[in-house]
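Each residue of the sequence shown is one higher than the last, beginning at -13 in the numbering used here.
Each residue gets a CB set at the ideal place from its N, CA and C atoms; glycine is no exception.
Here is the structure we will look at.
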Amino acid sequence: MLSIVTVFTVAMFFSCKDNYNEVQNLGISENEPIGEAENFNLKYTDSGRVTRHLIGKKMFNYTNRHFPYYEFIDGVVMNLFDKEKKKSTIVSDYAIVYDKTGIIDLQGNVEIITHNGDVLKSQQLYFDQKRKWLFTNEPVTYISGEDIIHGNGFDSNKSFSNAEVLEVTGIFSVED
């Protein structure tokens, strides 16, 4: 009798499999977000210094998908602070942040106002968080001082020190 119980117990032990992830996802559709946030106000810090301040009305967390992302359906405002605490602001009607690639896709009335007053406007703009690079192939307007530059694309590092408007048209000053 003891050997039958032992065989039965061993058989049950080896027939079980690790399905913790499956149990964890029970009741959660892959098409549904695993989290939602409303009227959020997030501050990101690095060594006690605020580096980013994110404000929005609604965020959905889809990190349960094979290609995880966060979606901001009612727009966002992000204030970025450099080491000298100078603030630049990014505003858009919609945003999506892809975890695996580090790409942020900003859409609808995208506007960046840099700490020195330069303004970039477009209907879509991407930010590569890993390379710290902004880019788009959509029409843009870049305002710097008296210069108003229109173009069909934009490339720049995060600090705008390498800003380049592509296929330029517009009014701008040129030194002799």
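For H136, the uninterrupted beta strand (DSSP E) run begins and ends at D133 to G137, by DSSP. For the options R35, K118 and D60, the alpha carbon positioned closest to that of K71 is the one of R35. Note on the region 28 to 68: there is no whole alpha helix (DSSP H) run with a minimum of 4 residues. Where K118 is concerned, there is no enclosing beta strand (DSSP E), because DSSP gives it neither an H nor an E. Excluding its 5 nearest sequence neighbours in each direction, G94 has C-beta neighbours in its own chain below 7 Å: S78, D79, Y80 and Q109, listed in chain order.
K107 is bridged by DSSP to E97 and T127.
Shortest Cα-Cα distance from L28 to any of G21, T37 and I20 involves T37. Ranking K144, G137 and D114 by CA distance to the CA of K107 puts G137 first.
Judged by beta-carbon spacing, S142 lies within the 9 Å limit of F121, meaning their Cβ atoms are closer than that value.
In the displayed model, F146 falls within coil according to three-state DSSP, outside both helix and strand.
When DSSP states are grouped into helix, strand and coil, L152 belongs to the coil group. In this structure, the straight-line span from the alpha carbon of V83 to that of H101 is close to 23 Å.
Distance check between F67 and each of E161, N17, V160 and K144 places K144 closest, using alpha-carbon atoms only. Judged by DSSP in its simplified three-state form, D91 adopts strand. In this structure Y128 is buried. Its beta-carbon is surrounded by 16 or more other beta-carbon atoms within 10 angstroms. Judged by DSSP in its simplified three-state form, K73 adopts strand.
The three-state reading of DSSP puts E22 in strand, counting E and B together. Ranked by how close their Cα comes to the Cα of H52, the residues E22, D60, P125 and D85 have D85 in first place.
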